[in-house]
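Here the structure is laid out as structure tokens; the discussion comes afterwards.
Protein chains in written order, with our numbering: chain A, 1 to 351; chain B, 1 to 351; chain C, 1 to 351.
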């Protein structure tokens with residue numbers, strides 16, 4: 001449940017171009033799910049999966065489809081085509097994310113004399129900003145953020161607490177970097193010596209991240225050995241994802257938690273990589289590829305579509321294989337029966 | 001090996017209600033495994049897996065079962081029913097975890113004027129405590145911990161270094177939050193637009209954690225989109241686990257390292273989720289479910305029991321499948337032989 | 001692309017004992033991949049996978065094999081046997097990693113009066129160094145590093161930002177610990193009580209890390225319950241790896257991102273553990289074992305070689321199984337055909 005400044009049902013309806021059934025003057029003081037709603041809450045009913053909760057919700061007002069008005073336990077409703085999307089719009093409009101005071105400079109932040117920090121950017125306590133960093137307008141560095149030399153942060157980007165960015169990292173506009181993320185650490189590259197020991201390959205590239213990218217908590221993105229690891233604009237990366245050195249991720253691709261992309265892989269645009277997926281080094285994925293959870297992509301994928309399994313294959317084929325696997329014990333039993341028949345047949349042949 | 005203040009074998013035995021065979025006045029100065037033990041060490045022998053180490057240990061005193069007394073290389077022993085559990089009790093009694101000085105306030109900690117910090121709580125260097133936070137009695141924030149506004153930390157909870165908690169996070173009593181954990185970051189929620197780009201769904205819920213919960217290093221737990229992500233009392237979470245938005249974890253469930261639980265999943269009480277397991281969004285798991293390592297739970301599990309594989313199924317069935325899989329090459333060979341027989345049979349039929 | 005101080009092709013060639021074809025006085029100002037190279041860049045052509053890029057590169061100078069000189073688009077080349085290794089040597093020689101000023105002490109670092117910090121060690125802003133820590137010569141702690149009491153850091157070791165080390169952690173010489181790593185956190189050990197709740201087993205051991213070890217970003221390495229978790233010299237660990245309590249990793253073993261090693265496992269020397277691999281508790285792996293990506297090692301591996309799959313088996317056998325799996329639908333069809341033949345045969349027998 002999220003409290004909001006009081007607003008009437010009529011005002012909410014107007015803000016999303018919808019109409020009210022019931023009391024337009026009803027005052028809404030919170031936004032909540034059907035289950036958590038209380039008196040004063042606005043909630044929404046968008047999927048029959050939640051019908052039981054819908055019928056007993058204590059919400060004062062609901063966003064519903066016209067066809068559900070008659071069933072609603074509330075006497076005040078806002079009628080919309082897509083209750084979930086409308087609810088998202090209402091939350092976006094009425095719940096303001098907390099922002100740091102514009103132009104704040106924490107007394108104990110360590111800002112290099114050669115860094116260029118826009119006057120409207122906010123630098124929280126414990127932040128360390130290295131030489132020649134550039135921090136854009138209205139950017140926010142919450143607390144204990146460490147930026148190594150020559151890091152560039154675009155306008156309106158928010159960097160949460162305890163984030164580390166190594167030298168030469170570039171972040172675009174309107175990005176959100178969640179707490180604990182590490183961007184620009186050395187790629188995992190060595191040359192094995194005859195005695196089995198490893199010689200470190202210097203990792204002298206960097207990481208370049210586009211605009212409106214969101215990066216989850218404790219994500220790791222390594223710098224390229226040479227050149228740049230590149231994350232396209234609009235990419236969304238969930239928590240604990242690993243992006244290795246030299247990877248390229250196309251625009252508007254989404255990568256779910258704990259997925260890992262090995263060195264030099266090139267991921268297309270608008271891919272959706274599910275949780276715990278592993279992608280091998282130096283493969284490439286076409287645009288509009290979906291990879292299901294826990295899959296292992298060992299070869300390049302050249303056609304858009306849905307893939308799953310380890311090694312990954314088209315999902316439809318994987319489903320057929322899974323079904324066959326579930327029958328494998330029966331297959332064995334059938335084969336054992338054939339074995340006895342085969343013996344009888346062969347003894348007949350001989351006779 | 002862990003050094004302790006000197007204590008006699010007799011005193012140790014009395015503390016666990018056991019009796020000494022040999023020299024009660026023997027002085028113990030350290031607690032150690034059979035292998036690491038030295039003169040002055042107390043060790044234990046509880047499982048025949050360690051018999052080789054038992055026979056040659058340099059420990060001065062051993063916790064053993066009565067039946068093992070005769071084999072023991074030590075002349076002084078403490079006789080108990082369960083040597084391992086007794087050893088754990090001895091460690092708990094004689095090794096004190098290091099604690100921060102009660103009521104400590106590091107000079108450089110940034111504590112908001114509106115935060116309520118109990119006088120007995122300890123705030124280490126570099127900590128940042130936001131507006132309206134509440135820190136309970138004897139709570140310890142070790143160093144560089146960042147608490148966003150309105151975080152609540154219960155009595156006797158320890159928060160290790162470099163932990164971040166976002167707004168409205170609530171932590172119960174006697175919890176241990178290990179270093180680098182991020183609690184309350186935004187859930188991974190977007191609405192895809194017709195052009196393939198993503199619109200962020202505001203994540204305005206929070207995270208609520210019960211009492212006596214332990215959370216591992218670099219764990220990530222996302223806030224709910226609406227309402228709360230909930231971790232029940234007594235839950236134990238290992239390192240690098242991902243808990244997505246809106247997940248509910250029942251009391252006394254244990255989740256091993258690198259497991260990931262997707263958005264909206266509901267996990268029962270006393271579950272044991274092994275390492276690298278993935279659990280799909282919006283499924284529910286009954287109480288007393290065990291999921292084996294690396295499994296992928298794609299559907300709800302309604303009965304207690306042991307499950308494994310991807311997609312997860314009852315473990316006994318998975319074991320039979322694994323056995324069949326190991327025979328699959330023989331199945332192929334048999335099938336090839338049948339094919340030749342089938343041909344001969346069919347040619348006979350025709351003739 | 002990495003800029004360097006200007007140097008001639010002749011000087012570069014001399015530094016690696018090679019000879020120049022073309023203009024020895026050509027000035028090189030950057031090191032780059034074939035694709036990113038510009039005027040003034042030195043690049044290399046070592047594998048035919050990059051032939052297309054080789055033929056159109058804008059590099060001014062190339063490291064090439066003698067056999068490729070005739071095809072090269074550049075008029076100046078340095079001729080070598082192994083262009084990639086030679087390029088690595090050139091990068092190592094001409095790109096200097098940025099170092100902190102020797103002996104630096106940030107004003108706001110919190111260094112215990114009982115810690116012994118070598119005069120040449122560098123302590124960056126926000127670092128916290130506990131009682132009785134020992135920091136070696138030329139060691140660098142970049143920023144916001146937290147060392148609990150009695151941590152030991154060897155000479156020439158670099159600890160990146162936001163790293164946490166718990167009490168009694170020991171790190172050898174010339175190690176690199178990347179940002180966000182947590183070393184020495186409590187192992188995941190509990191005794192389940194009759195009511196289903198867990199009693200914490202005190203974790204009173206520590207972590208001991210050898211020399212020339214590299215540890216990736218946001219890695220977690222737990223302290224042993226008793227004794228030590230041990231990482232041998234020369235080990236390389238990638239990002240987001242989990243090493244549980246009591247694990248032993250042999251010298252010169254490499255562990256790729258997101259792999260997890262469960263409690264008490266013993267890994268041999270010169271192993272290569274690929275990404276997202278899981279290794280069960282208390283198993284042991286021989287020397288010179290390779291485990292392929294996403295595999296699950298459930299039993300000890302006693303012979304060197306390549307292993308894959310879950311449960312892991314020799315890779316050659318796994319490949320045959322994978323091939324059989326791809327044929328499983330055909331196997332089913334064949335079996336269905338046999339079923340009809342079997343019926344006909346049996347009805348004949350009866351008649």
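Just so you know, even glycine gets a beta-carbon here, dropped at the ideal spot from N, CA and C.
Residue i to residue j, Cα distance in whole Å?
i	j	result
residue 127 of chain B	residue 153 of chain A	24 angstroms
residue 113 of chain B	residue 129 of chain B	9 angstroms
residue 172 of chain B	residue 135 of chain B	11 angstroms
residue 260 of chain B	residue 22 of chain C	57 angstroms
residue 304 of chain A	residue 269 of chain A	10 angstroms
residue 175 of chain A	residue 182 of chain A	15 angstroms
residue 79 of chain C	residue 18 of chain C	6 angstroms
residue 106 of chain C	residue 162 of chain C	15 angstroms
residue 316 of chain C	residue 209 of chain C	34 angstroms
residue 300 of chain B	residue 284 of chain B	5 angstroms
residue 335 of chain B	residue 328 of chain B	10 angstroms
residue 248 of chain C	residue 227 of chain B	43 angstroms
residue 203 of chain C	residue 332 of chain B	51 angstroms
residue 6 of chain C	residue 29 of chain C	5 angstroms
residue 92 of chain B	residue 201 of chain C	8 angstroms
residue 117 of chain C	residue 184 of chain A	28 angstroms
residue 321 of chain A	residue 341 of chain B	27 angstroms
residue 38 of chain C	residue 145 of chain A	34 angstroms
If residue i sits next to residue j, beta carbons under 8 angstroms apart, how far is it from one beta carbon to the other, in whole angstroms?
i	j	result
residue 138 of chain C	residue 121 of chain C	7 angstroms
residue 234 of chain C	residue 213 of chain C	7 angstroms
residue 358 of chain A	residue 158 of chain A	Residue 358 of chain A is absent from the structure shown; chain A starts at 1 and stops at 351.
residue 256 of chain B	residue 274 of chain B	5 angstroms
Can you pull the chain A residues whose beta carbon is under 7 angstroms from the beta carbon of residue i, in chain order?
i	result
residue 135 of chain C	Result: empty, since nearest Cβ-Cβ is about 19 angstroms, beyond 7 angstroms.
residue 296 of chain C	None at all; the shortest Cβ gap to chain A is about 11 angstroms.
residue 278 of chain B	275, 276, 293 and 294
Since residue i meets chain B, which of its residues come closer than 7 angstroms, beta carbon to beta carbon?
i	result
residue 338 of chain C	338 and 342
residue 355 of chain A	In the structure as shown, chain A begins at 1 and stops at 351. Residue 355 of chain A is therefore absent and cannot be evaluated.
residue 242 of chain C	239, 240, 257 and 258
I need the DSSP call for residue i, collapsed to helix, strand or coil.
i	result
residue 333 of chain C	helix
residue 292 of chain C	coil
residue 307 of chain C	strand
residue 70 of chain A	helix
residue 198 of chain A	strand
residue 11 of chain C	helix
residue 3 of chain C	strand
residue 16 of chain A	coil
Can you pull the chain C residues whose beta carbon is under 7 angstroms from the beta carbon of residue i, in chain order?
i	result
residue 104 of chain B	Chain C residues near residue 104 of chain B: none, gap ~12 angstroms exceeds 7 angstroms.
residue 334 of chain A	335 and 339
By Cβ distance below 6 angstroms, which residues in the same chain neighbour residue i in space, the five residues on each side in sequence not counted?
i	result
residue 133 of chain A	115, 147 and 151
residue 254 of chain B	236 and 272
residue 180 of chain C	162, 217 and 218
residue 86 of chain C	16, 63 and 80
List, in order along the chain, the chain B residues whose C-beta lies closer than 8 angstroms to that of residue i?
i	result
residue 204 of chain C	2, 31, 91 and 95
Between residue i and the rest of its own chain, which residues show a CB-CB distance below 8 angstroms, the 5 nearest in sequence each way excluded?
i	result
residue 35 of chain B	53 and 57
residue 90 of chain B	12, 15, 16, 31, 42 and 63
residue 55 of chain B	71 and 73
residue 4 of chain C	28, 29, 30, 31, 94 and 95
What residues of chain A sit near residue i, judged by a beta carbon separation below 9 angstroms?
i	result
residue 226 of chain B	1, 2, 31, 32, 33, 36, 43, 87 and 91
residue 236 of chain C	188, 190, 198 and 200
Spatial neighbours of residue i within its chain, please: C-beta separation below 7 angstroms, excluding the five flanking residues on both sides.
i	result
residue 296 of chain A	278, 310, 311 and 312
residue 83 of chain C	44, 45, 46, 63, 64 and 65
Mind listing the chain C neighbours of residue i? Cutoff is C-beta to C-beta under 8 angstroms, in chain order.
i	result
residue 126 of chain A	126 and 144
residue 329 of chain B	320, 321 and 324
Do residue i and the ligand HEM come close, with the Cβ less than 6 angstroms from some heavy atom?
i	result
residue 204 of chain A	This structure lacks the ligand HEM, and indeed carries no ligand of any kind.
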